[in-house]
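**Student:**
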Amino acid sequence: MLASAMAVQTVLFAGALGTTVAGHDKVGTTVQYTLTVLLGLAMGLQNAVARRLGVPDLTTTVLTLTLTGLAADSGPAGGAAPRSLVPAMAPALLATGAAVLWRLSVPGAGWAAAP
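Residue numbers (the numbering used here): 2 to 116.
#1: Once DSSP output is grouped into helix, strand and coil, what is the label at P77?
#2: Using DSSP with H/G/I as helix, E/B as strand and the rest coil, what is G29?
#3: Pick helix, strand or coil for M2, following the three-state DSSP scheme.
#4: Using the beta-carbon count (16 or more within 10 Å), is T30 buried or exposed?
#5: Take every Cβ of the stretch 66-82, pair it with every Cβ of the stretch 97-106, and state whether three or more of those distances are shorter than 8 Å.
#6: Apply the 10 Å Cβ neighbour rule to A4 and answer buried if 16 or more other Cβ atoms are within range, or exposed otherwise.
#7: Do the CB positions of A91 and T67 come within less than 7 Å of each other?
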């Protein structure tokens, strides 16, 4: 299943890359919609595979949306570049939460065993 999903994602990403190269500096609505559809399908496939693998409470969309929002709102991306500390801390908090959850999910590995 993972190999098939990866193959489909590779084709979708290759299509997105081809669209970007073909569009070059002319990013019109056709290029925007094509990229949105291709990359949206790839992300949806990724979420479906994560659910199919049976990883409990894993919602990759939340992480993806959070990081995408931070990138889109940044100054280099032409966003408002919010000055709040909370958006800047979000990736660190997500990574910390993931590390804690991983540590708690490892059978027999207590906090004392942490490197």
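Glycine included, C-beta positions come from ideal geometry on N, C-alpha and C.
**Tutor:** Taking the coordinates as given:
#1: Coil at P77, not helix or strand.
#2: DSSP places G29 in coil when its eight states are reduced to three.
#3: If DSSP states are grouped into helix, strand and coil, M2 belongs with coil.
#4: In summary, T30 is exposed, with fewer than 16 beta-carbon neighbours lying within 10 Å of its beta-carbon over all protein chains present.
#5: They do not touch, by the three-pair rule.
#6: By the 16-neighbour rule on beta-carbons within 10 angstroms, A4 is exposed.
#7: Here A91 is near T67, since their CB atoms are less than 7 Å apart.
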